[in-house]
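Student: Counting from 334, one number per residue, gives the positions in the sequence shown under this note's numbering.
In this text, a Cβ means the ideal position worked out from N, Cα and C, and glycines have one as well.
These numbers were taken from a predicted model, which means no experiment stands behind them.
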Amino acid sequence: DHDRIMNGVSASLEVAKRLGTKIMIVTTGDEQPGMSRAEQHASIVRALKGAAKVVEGSGVTLALEPLNDRVDHAGYYLTSTEEGLDIIDEVARPEIRLLYDIYHSAVMGEEIEKVLDGRLDRVVHVHLADAPGRGEPGSGAMDWADRLEWLEKQGYDGLVGLEYRPTIGTVEGLAFRF
């Protein structure tokens, strides 16, 4: 399985280079039956250390993304931003950072100030959608503007990607204001 993962990272890196992409999103996959969480956590750390070596010197960063398992990704392993950050700390390589998805974090009941406090330097990319419903900002009940303001005040100057399902027309959905 390790070789398959490294081959996948290597092949994806070649595509990223052709496209000029500087960030590749990586996920942990689902929980593995018969494997404890501690074993799976350690396996993920080993895989990411190997993946870091594959992308080393390329200028590409691998962004580990925690997802929610309550609504969208039943059975997914990495549902905690804090565990994602712990994994990044254990890997201890600059090529591995976190993709913080405001929607997934909110669905899991996380508070941005608590999970990212003192660790924002490990975040390379942010995804934005409203909750509930994963619609455009303003379509749900989440105070997303407050979360973005907190990120800005903490010095986050990385990318913010809109990853939502429009609840209205595309043009209207893009007309929201921060």
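So who's on the other strand from residue 430, going by DSSP bridges?
Tutor: Here the question's residue 430 lines up with position 97 in the sequence shown. 396, per the DSSP bridge assignment.
Student: Please report the residue range of the alpha helix (DSSP H) in which residue 448 lies.
Tutor: Working through the sequence shown from its first residue, we reach residue 448 at position 115. That run of the alpha helix (DSSP H) goes 445-449.
Student: Could you check what DSSP says for residue 374 in three-state terms: helix, strand or coil?
Tutor: As a first step, residue 374 is located in the sequence shown; it is residue number 41 there, counting from the start. Helix at residue 374.
Student: Any chance the region 474-486 sits against the region 431-444, with 3 or more Cβ pairs inside 8 Å?
Tutor: At 8 Å Cβ cutoff, the stretches touch.
Student: So, with DSSP's three-state summary, where would you put residue 390?
Tutor: Counting from 1 along the sequence shown, the entry for residue 390 is found at position 57. Reduced to three states, the DSSP call for residue 390 is coil.
Student: Exposed or buried, what is residue 359 when buried is set at 16 or more other beta-carbons lying within 10 Å of its beta-carbon?
Tutor: Residue 359 sits at position 26 when you count from the first residue of the sequence shown. Buried: at least 16 other Cβ atoms inside 10 Å.
Student: According to DSSP, what are the bridge partners of residue 492?
Tutor: Looking up residue 492 in the sequence shown gives position 159. In the DSSP output, where bridge partners are listed per residue, residue 492 has 458.
Student: Take the Cβ of residue 377 as the centre, count every other Cβ of all protein chains shown within 10 Å, and call the residue buried at 16 or more, exposed below.
Tutor: Working through the sequence shown from its first residue, we reach residue 377 at position 44. With 16 or more other Cβ atoms within 10 Å, it is buried.
Student: Across which residues does DSSP place residue 363 in a beta bridge pair?
Tutor: Indexing the sequence shown from 1 puts residue 363 at position 30. Paired residues: 409.
Student: Judging by CA-CA distance, which residue of 420, 439 and 341 is the nearest neighbour of residue 371?
Tutor: As a working mapping, residue 371 is identified with position 38 in the sequence shown. Closest option to residue 371, Cα to Cα, is 420.
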